[in-house]
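J.: Structure incoming, see below.
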Amino acid sequence: MIQSDDYSRIKRSARLHKKIFSGIVYLLLSIWALIVLFPFYWMLLTSVKSYSQYNGEYIPQFFTLSPTLQNYVDAFQAVPLARYLLNTFIFTVITTAIMMFVIVLAAFAFARLQFRGKNLAFTLFLSLMMIPNELVIITNYATITNLDLRNTFLGLILPSVTSVFYIYLLKENFAQVPDALYYAAKVDGTSDLKYLLRIMIPICKPTLITIGILKIIECWNSYVWPRLITDDENYYLVSNGIQELRENGLGRENIPAMMAAVVVISVPLIVLFLIFREKIMAGVSRGGTKG
Amino acid sequence: MDKNKWKGWLYLLPAILFLGVFMVYPLIDVLIYSVEEGYNFASQTYFDIGFYNFSYVLHDPYFLQAVKNTFLMVVITVPISTGLALLISMGLSSIRPLRKLYQTVYFLPYVTNTLAVGLVFMILFKKTAYTDGMVNLLINWFGGESIDFIDGPYWAKMLVMCIYIIWVVMPFKILILTSALSSVNQSYYNAARVDGTGRGRIFLKITLPMISPTVFYLVITGFIGAFKQYSDAVALFGTDLNAAEMNTIVGYVYDMLYGDSGGYPSYASAAAIVLFVIVLTITCINLLISKKHIHY
Amino acid sequence: MKVVLQHLTKTFPSRNRKNPEDVTAVNDFDFEIPDGKLVGLLGPSGCGKSTTLFMICGLEKPTAGKIFFGEEDVTDLPVENRGVGVVFQNYALYPHMTVKQNIIFPLQNLKGAQKLTKVQMEQKALEAAKLVQIEELMERKPSELSGGQQQRVAIARAMVKMPKVLLLDEPLSNLDARLRLQTREEIRRIQRQTGITTVFVTHDQEEAMSISDIIVVMREGVVQQIGKPQEVYDNPINLFVARFLGTPPINLFEGQAQGNGLYIGDEMVLPLEGVADRELTVGIRPEGFILTPDGPLSCSLSGVEVMGRDISVVSTNPHGLVASVRSIIDAENRVDTSNPTVRFALKPRKVLLFDRQTGERVAFQTPQMNR
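Going down the list, the sequences are from chains V, D and R.
For what it's worth, the working numbering labels the leading residue of the first sequence as 1, then goes sequentially.
For what it's worth, the working numbering labels the leading residue of the second sequence as 1001, then goes sequentially.
For what it's worth, the working numbering labels the leading residue of the third sequence as 2001, then goes sequentially.
Have a look at this one:
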């Protein structure tokens, strides 16, 4: 039989261990949070340091007492940053809208309609998921060039609207809507299209919003395709703009203005993320991938 | 009912059109490109059919450099990021207060433009005439010598590259692992605690086997993603990756297609197919290993 | 080993922002579980029975009160040092380990002087497996076992360290009806054989009644009654306990005590002694009815269900508080289904009276009882 003082010793050491353990956990988590946040802090900090201050600091300072917004003005004046933002906005909105249209129809066909060859078609669709973008981009580049669509929005948008994965995701969600609703709608004489618009889409709105947001993020950050297809500044998206800015724009040394541009470009998505945090994280954990 | 036979296809039509033109046709086309020797983009003519393009690519020192770089990035970043993500998710799952906040912060890199934040990393690591940069400041504090990570020695560039890649891929891994951990039924942990199982043993004998499918999923997608590494390199070292000795396989493909040495879709196709074969092989090996190690 | 619960209380902080009051899961639980007994914690879901169990095993910390194992205060002792065995509701068998690995797992955690050799572990695992008769399943994975077999493995794993106290959380709820009957006998046998003090939690009163030495009926965190199953059934302390125990459930009527009689409507169904005139809720157990043409309680017949040994007469009464009155009578009785009215006499010991407002039990005597 264990003695009483053994018991109290065990109690005390258990409590101590727990405290030490959670202390270490919080320390490690905070270190990683610092690593994640530091680049954001640095970009914000640098963007409000004046040009002369920044270049005068041989040893970088961790804060500034005389913040300035001049860099933001410079950034917008030196390169057509507003133009880039507008281009990206147009590209993002149109691409996302067309994609939603395409995938809703396709997912509905797979989830609800009966037609010959459906299973074969679905299998073929799924197998397309394995095809890496790098393999098809070469021909797409040739296609768009041959169609004379370089430096147009059409050329930017068309190859970007296809997403087999989102069709799959949406089809799974559509398939969860009980059959009974469909039959009830049929009995009431509702057409398939009306059923899709009036019943399916409202029920699956959360998934649609998630897919929309993920696509918006993807569009906003897209770099490779726009870089291949545009060499006219008037059609640059923000990613290309940033790269242009770095290599030819402000001159390599005006880093504060560069950081101001980076802040301007990053803010829209961060705001979007903070608003739709739960939806985005849930959507990504259901199978989104980076890039 | 006869009408319905066509209706389904009608709904699929937009998707089929887009996928057909921009995915299926290119897929066939890329194979054709890759065997057309001496293809000229302007005149759209070629000399011969054969495997010269592959041979050229495989002997191109730039391509070999890209392959070496890519493999190094994969081998370094995949294990480190997966392990680190596992550690952080374990920590996240064991705390209650502030958990949401940490999760939100950790996810931030996912939604930011990699090109943009890459610039920040560049200025943090870069050594110029005016300043040694933030990171060198830290190194100096610990008594080290300043190093130019962006235009300096190969290992330093590779180091920044890997650090940045890890920074970028962590949010996804942490998120997936955290949700995998939270889906492990609490009663397994209760049962283990009743039996007096230590933390380490719980992790090795219960948690890890239970989430092993997710870990393998992350390793597989991690390999695929790392092999396709490109824009992170551009973000740090600029578009002329060959000059920086930091090109990747995907970067090579794009350079062949368009860029300083560009205009050779046949070489680009051959390189893309080589990449696809590598990724496919590695994925198959991964799947075989995971079959052996996932027990249920 | 006896287990003593002293003023055990557990409150959870409210998750509802509009109603920030703490939720009391268990309120002032005071009870001594005698050594070697099988105790059933019984109550509807959310009554705090599982919380109580988790406090005994140490997975939840009580907000107030103390827990003793024997003479030792174990209130703050971590779960792994308490020497309890737990069978979880979903069994919590590790899916990636074989049955044998599952059973051995707790033994591999022993440290210091208690450490066992491999051979000893195998020996103990085999003993535990024999106890629950699964020794031929040792190399299987849990997914290859039936629900009943999984349950046995879970018990074996809980028993392998020979715990001082065995705790079972809803042990039968995941089994189908036939297995449930079999498994509860099994639990009873294992408990008898080993003599380990055992506490189990259930919402199924039949289960608790059939195997427990003692049952504890709980409601909204408060213990209602503790006692031997038959005692609690015969003498429920209030309306809640009376309604909770027994299948079919007790029949309830609006009634009054008036003069020296118990009235349901205008009919005096029992002579009463020792009860002042008042409004009552009358509870009559299904087996408390006697079918007789001149019985004082009249009901309109809705149907007769033949159940083999017994028949169940279903009828309605305008003063009934439940939809239909169910009485169980011997199958030798013949019910005249052409007659729309049935009349019953009552067995006084099966009639329970409760205060109409509070639901507290009202004691009474009747001359028939003394006869």
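Every residue gets a Cβ at the ideal spot worked out from N, C-alpha and C, and that includes glycine.
Could you tell me which chain R residues have their CB closer than 8 angstroms to the CB of Lys11 (chain V), listed as they occur along the chain?
T.: Looking up residue 11 (chain V) in the first sequence gives position 11. Result: Asp2076, Leu2077 and Pro2078.
J.: Identify which residue in R:Leu2239, R:Arg2180, R:Asp2266 and R:Ser2050 has its Cα closest to the Cα of Arg2285 (chain R).
T.: Residue numbering aside, residue 2285 (chain R) sits at position 285 when the third sequence is read from its first letter. Checking every option, the nearest Cα to that of Arg2285 (chain R) belongs to R:Leu2239.
J.: Using a threshold of 8 angstroms, state whether the C-beta atoms of Ile2250 (chain R) and Lys2228 (chain R) are closer than that.
T.: Counted from its first residue, the third sequence places residue 2250 (chain R) at position 250. Counted from its first residue, the third sequence places residue 2228 (chain R) at position 228. Their beta carbons are not under 8 angstroms apart, which means Ile2250 (chain R) does not touch Lys2228 (chain R) by this criterion.
J.: Do you know how far the Cα of Gly2147 (chain R) is from the Cα of Ser2173 (chain R)?
T.: As a first step, residue 2173 (chain R) is located in the third sequence; it is residue number 173 there, counting from the start. As a first step, residue 2147 (chain R) is located in the third sequence; it is residue number 147 there, counting from the start. Distance between the alpha carbons of Ser2173 (chain R) and Gly2147 (chain R): 10 angstroms.
J.: Whole-angstrom Cβ separation of Ala2242 (chain R) and Pro2236 (chain R), contact assumed at under 8 angstroms?
T.: For this step, residue 2242 (chain R) is matched to residue 242 along the third sequence. For this step, residue 2236 (chain R) is matched to residue 236 along the third sequence. Yes, Ala2242 (chain R) and Pro2236 (chain R) are in contact; Cβ-Cβ is about 4 angstroms, under 8 angstroms.
J.: For Tyr1230 (chain D), which residues in chain V fall below 8 angstroms Cβ to Cβ?
T.: Taking the first residue of the second sequence as 1, we reach residue 1230 (chain D) at position 230. Within 8 angstroms Cβ-Cβ: Val224.
J.: Closer than 7 angstroms by C-beta to Ile255 (chain V): which residues in its own chain qualify, once you throw out the five before and the five after it? Chain order, please.
T.: One-based indexing of the first sequence puts residue 255 (chain V) at position 255. Closer than 7 angstroms at the Cβ level, and outside the excluded window around Ile255 (chain V), lie Thr46 and Tyr54.
J.: How long is the line joining the alpha carbons of Ser52 (chain V) and Ala78 (chain V), rounded to whole angstroms?
T.: Here residue 52 (chain V) is taken as the residue at index 52 of the first sequence, counted from 1. Here residue 78 (chain V) is taken as the residue at index 78 of the first sequence, counted from 1. Approximately 17 angstroms, taken between the alpha carbons.
J.: Do Val2223 (chain R) and Asp2169 (chain R) count as a contact pair if the criterion is CB distance below 8 angstroms?
T.: If you number the third sequence from 1, residue 2169 (chain R) lands on position 169. If you number the third sequence from 1, residue 2223 (chain R) lands on position 223. No.
J.: Looking at the strands, I want to know which residues DSSP matches up with Ser1290 (chain D).
T.: The count along the second sequence starts at 1 and reaches residue 1290 (chain D) at position 290. DSSP, once it has assigned bridges, lists no residue as partnering Ser1290 (chain D).
J.: Measuring CB to CB, does Ser285 (chain V) end up less than 8 angstroms from Ser1179 (chain D)?
T.: The sequence position of residue 285 (chain V) within the first sequence is 285, counting from 1. The sequence position of residue 1179 (chain D) within the second sequence is 179, counting from 1. Their beta carbons are under 8 angstroms apart, which means Ser285 (chain V) touches Ser1179 (chain D) by this criterion.
J.: Could you pull out every unbroken beta strand (DSSP E) segment of at least 3 residues lying fully inside the region 2168–2238 of chain R, listed in chain order?
T.: If we require 3 residues or more, the beta strand (DSSP E) runs fully inside the region 2168–2238 of chain R come out as 2197–2202, 2214–2219 and 2222–2227.
J.: Closest to Phe2253 (chain R) by C-alpha separation, out of R:Leu2321, R:Glu2279 and R:Asp2035, would be which residue?
T.: Working through the third sequence from its first residue, we reach residue 2253 (chain R) at position 253. Ranking R:Leu2321, R:Glu2279 and R:Asp2035 by Cα distance to Phe2253 (chain R) puts R:Leu2321 first.
J.: From what residue to what residue does the alpha helix (DSSP H) around Ser2315 (chain R) run?
T.: Against the third sequence, residue 2315 (chain R) aligns to sequence position 315. Ser2315 (chain R) -> not in any alpha helix (DSSP H); beta strand (DSSP E) instead, spanning Asp2310 to Thr2316.
J.: How would you write the range of the beta strand (DSSP E) that Gln2256 (chain R) sits in, first residue to last?
T.: Locating residue 2256 (chain R) in the third sequence gives position 256, where the first residue counts as 1. Looking at the DSSP string, the run of the beta strand (DSSP E) that includes Gln2256 (chain R) is Asn2251 to Gln2258.
J.: Determine the chain D residues that contact Cys2299 (chain R) at a beta-carbon separation under 7 angstroms, and present them in chain order.
T.: Start at 1 with the first residue of the third sequence, and residue 2299 (chain R) comes out as number 299. What Cys2299 (chain R) touches in chain D: nothing, since even the nearest Cβ is about 48 angstroms away.
J.: Starting from Pro2236 (chain R), find everything on chain B with Cβ-Cβ shorter than 9 angstroms and list it in chain order.
T.: You won't find chain B in this structure, because its protein chains are V, D and R.
J.: Using the DSSP secondary-structure output, state which residues sit across from Met1982 (chain R) in a beta bridge.
T.: There is simply no residue 1982 (chain R) to check, as chain R begins at 2001 and stops at 2371 in what is shown.
J.: Mind checking if Asn2109 (chain R) is an interface residue toward chain V, Cβ cutoff 8 angstroms exclusive?
T.: In the third sequence, residue 2109 (chain R) corresponds to position 109, counting from 1. Chain V contact via Cβ: absent.
J.: Using three-state DSSP, classify Gly2303 (chain R) as helix, strand or coil.
T.: Sequence index remark: in the third sequence, residue 2303 (chain R) carries index 303 (1-based). Gly2303 (chain R): strand per DSSP, three-state reduction.
J.: Report the residue from R:Tyr2091, R:Leu2042 and R:Val2026 whose alpha carbon sits nearest the alpha carbon of Gly2065 (chain R).
T.: In the third sequence, counting from the first residue as 1, residue 2065 (chain R) sits at position 65. That would be R:Val2026, whose Cα lies nearest to the Cα of Gly2065 (chain R).
J.: On the CB-based measure, 16 or more other CB atoms within 10 Å of its CB, does Ser1231 (chain D) come out buried or exposed?
T.: Locating residue 1231 (chain D) in the second sequence gives position 231, where the first residue counts as 1. Looking at its Cβ environment, which holds 16 or more other Cβ atoms inside 10 Å, Ser1231 (chain D) is buried.
J.: Assign His2096 (chain R) to one of two classes, buried (16 or more other C-beta atoms within 10 Å of its C-beta) or exposed (fewer than that).
T.: Your numbering for residue 2096 (chain R) matches position 96 in the third sequence. Buried, since its Cβ has 16 or more Cβ neighbours within 10 Å.
J.: Can the beta-carbon of Ser1089 (chain D) be found closer than 8 angstroms to that of Ile1174 (chain D)?
T.: Residue numbering aside, residue 1089 (chain D) sits at position 89 when the second sequence is read from its first letter. Residue numbering aside, residue 1174 (chain D) sits at position 174 when the second sequence is read from its first letter. Against a cut-off of 8 angstroms, the Cβ pair of Ile1174 (chain D) and Ser1089 (chain D) comes out as a contact.
J.: Going by DSSP, what residue range makes up the beta strand (DSSP E) through Leu1098 (chain D)?
T.: Against the second sequence, residue 1098 (chain D) aligns to sequence position 98. Premise fails: Leu1098 (chain D) is in no beta strand (DSSP E) and is neither H nor E.
J.: Roughly how many whole angstroms lie between the Cα atoms of Met130 (chain V) and Val1279 (chain D)?
T.: Residue 130 (chain V) sits at position 130 when you count from the first residue of the first sequence. Residue 1279 (chain D) sits at position 279 when you count from the first residue of the second sequence. Rounded to whole angstroms, Met130 (chain V) to Val1279 (chain D) spans 11 angstroms at the Cα level.
J.: Can you confirm whether Pro202 (chain V), when its beta carbon is compared against all beta carbons of chain D, has any partner nearer than 8 angstroms?
T.: For the purposes of this step, residue 202 (chain V) is taken as the residue at position 202 of the first sequence. Pro202 (chain V) does not count as touching chain D.
J.: So, for Ser2302 (chain R): in the same chain, excluding its five sequence neighbours on each side, which residues have a beta-carbon less than 7 angstroms away from its beta-carbon?
T.: Walking along the third sequence from the start, residue 2302 (chain R) turns up at place 302. The answer, listed in chain order, is Val2314, Ser2315, Thr2316 and Ser2324.
J.: In chain order, what residues of the same chain lie with their CB nearer than 7 angstroms to the CB of Thr1114 (chain D), ignoring the 5 residues before and after it?
T.: Here residue 1114 (chain D) refers to the residue found at position 114 of the second sequence. Cβ neighbours of Thr1114 (chain D) beyond the five flanking positions: Val1168, Ser1231, Asp1232 and Ala1235.
J.: Determine the direct distance from the alpha carbon of Leu120 (chain V) to that of Ile242 (chain V), and round the result to whole angstroms.
T.: Walking along the first sequence from the start, residue 242 (chain V) turns up at place 242. Walking along the first sequence from the start, residue 120 (chain V) turns up at place 120. Approximately 44 angstroms between the Cα atoms of the pair.
J.: Are the C-beta atoms of Asn1113 (chain D) and some chain V residue less than 8 angstroms apart?
T.: Position 113 of the second sequence, counting from 1, holds the residue named residue 1113 (chain D). True, the Cβ-Cβ gap to chain V drops below 8 angstroms.
J.: Could you spell out the range, first to last residue, of the alpha helix (DSSP H) harbouring Arg277 (chain V)?
T.: The sequence position of residue 277 (chain V) within the first sequence is 277, counting from 1. Arg277 to Ser285 is the extent of the alpha helix (DSSP H) around Arg277 (chain V).
J.: Taking Cβ to Cβ, would you say Thr1112 (chain D) is nearer than 8 angstroms to Ile216 (chain V)?
T.: In the second sequence, the residue the question calls residue 1112 (chain D) occupies position 112. In the first sequence, the residue the question calls residue 216 (chain V) occupies position 216. Taking 8 angstroms as the Cβ cut-off, Thr1112 (chain D) and Ile216 (chain V) do not qualify as a contacting pair.
J.: Just reading off the alpha helix (DSSP H) that Gly1238 (chain D) is part of, what are its end residues?
T.: Here residue 1238 (chain D) refers to the residue found at position 238 when the second sequence is read from its first residue. Run containing Gly1238 (chain D): none; DSSP gives neither H nor E here.
J.: Counting along the chain, where does the alpha helix (DSSP H) carrying His1059 (chain D) start and finish?
T.: Along the second sequence, read from residue 1 onward, the residue named residue 1059 (chain D) stands at position 59. Element bounds for His1059 (chain D): Tyr1052 to His1059.
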